[in-house]
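These notes are about the structure you will find just below.
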Amino acid sequence: MVKSVSQRVIFLNLIFMIFSFLVANAQGNEKNLKVEYIYANDFFSNIEVLLANDKKSIYIRPALNVKRDESKEPTEDDGNWKLPLQEIKTSSISIFKSKEDSNIYDYTVNLNNERYIVKDSTFSIKWIIDKSVSKKINEFLCFKASTIFRGRSYIAYFTPEIPISFGPFKFDNLPGLVLQVENTDTDIKHSWTAKKIDWVNKNKELPSIEDLDAPAINLYQIYIMNNRIREAKSKRFSSRVPAGVKHSKTEVKNLAIEKTFEWN
């Protein structure tokens, strides 16, 4: 309980820092960017926010609580049955990037909802840019780029009209702001589309990962930690099964944005 209260205080401090940044921006002279993206997959959608300048960014994925729709029935798709969405609860995640540091830092939680600062240093997105394909998003001329990122193929559209090389989630390193990203896989769709773009003034720096207080680990460590948490939960479940009753293992599909990692 003490740990839960402490984590809540830390998260509220982060919200306060971001709010202070936005208020200060209304009084300054220099420019920063605030972009609202609609993130959507096959089950739900949500608004996510990018705060950025030409040096660093924070990407905020807010907490989510999706209730099951009792009115929906199972549906059949190409011979496979899709069950209605169960209840989904997630904690807020913030992703910190800086051009002065090749690492990405996730302010995130493990499967026990314990908060950590996670250093992600094991990847570099390599894009193939195709300027023969373009379209307009929010009145900005955008060009196509494609990549394979952690087990999924993605197509992005970026605009050189906004020379800030950040974007939604961990998608960056293009010569302009990324306004849209979508994967091309068939098992599930993940997409981000810029809904609203605001320039805001600034007289103070964006909040930094150094402003937060949580145990620091790397991505591989939290990956191993979460695997152990899953195994422990599975063993606890098996121990509650009455004697003589067998339960079959269900194959769970990995529908995550990051499907595989460099060590898999």
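Using the numbering used here, you'd call the opening residue of the sequence shown number 209 and step up by one each time. Every residue, glycine too, gets a C-beta built ideally from N, C-alpha and C.
Residue range Leu427 to Ser447 is occupied by the alpha helix (DSSP H) that includes Ala440, with no beta strand (DSSP E) assigned at that position. Per the C-alpha coordinates, the member of Ala271, Ser265 and Asp421 positioned closest to Ile255 is Ala271. Under a 10 Å Cβ-count criterion, Asp380 is classified as buried, with 16 or more other Cβ atoms of the shown protein chains found around its own Cβ.
Phe348 and Ile356 have their C-alpha atoms spaced approximately 25 Å apart. The three-state reading of DSSP puts Asp419 in helix, counting H, G and I together.
With 16 or more other CB atoms across the displayed protein chains lying within 10 angstroms of its CB, Thr316 is buried.
The count of Cβ pairs closer than 8 Å, one atom from the region 338 to 353 and one from the region 391 to 399, stays below three, leaving the stretches out of contact. In this structure the region 381 to 392 touches the region 357 to 367; the number of beta carbon pairs closer than 8 Å is three or more. By DSSP's assignment, Phe348 forms a beta bridge with Ile345.
In the three-state scheme derived from DSSP, where H, G and I count as helix and E and B as strand, Lys242 is classed as strand. Close CB contacts of Pro368 within its chain, under the 7 Å cut and outside five residues either way in sequence, are with Pro383 and Gly384 (chain order). Counting along the chain, Glu369 sits inside no beta strand (DSSP E), nor does DSSP assign it H or E at all. Here Tyr324 is not near Pro415, since their CB atoms are 8 Å or more apart. Distance from Tyr245 to Leu258 at the Cβ level is roughly 7 Å; contact confirmed, criterion being Cβ atoms closer than 8 Å. The C-alpha of Ile432 lies about 35 Å from the C-alpha of Ile337. Taking 8 Å as the cut-off, the beta carbon of Lys242 is found closer than this to the beta carbon of Asp406.
Assignment of Asn391 by DSSP, reduced to helix, strand and coil, places it in the strand class. The beta-carbon separation of Tyr267 and Pro371, rounded to 18 Å, does not stay under the 8 Å limit for a contact. Judged by DSSP secondary structure, Val326 falls within the beta strand (DSSP E) whose first and last residues are Arg323 to Asp328.
In its chain, beyond the 5 residues on either side, Glu244 have a beta carbon closer than 6 Å to the beta carbon of Lys404.
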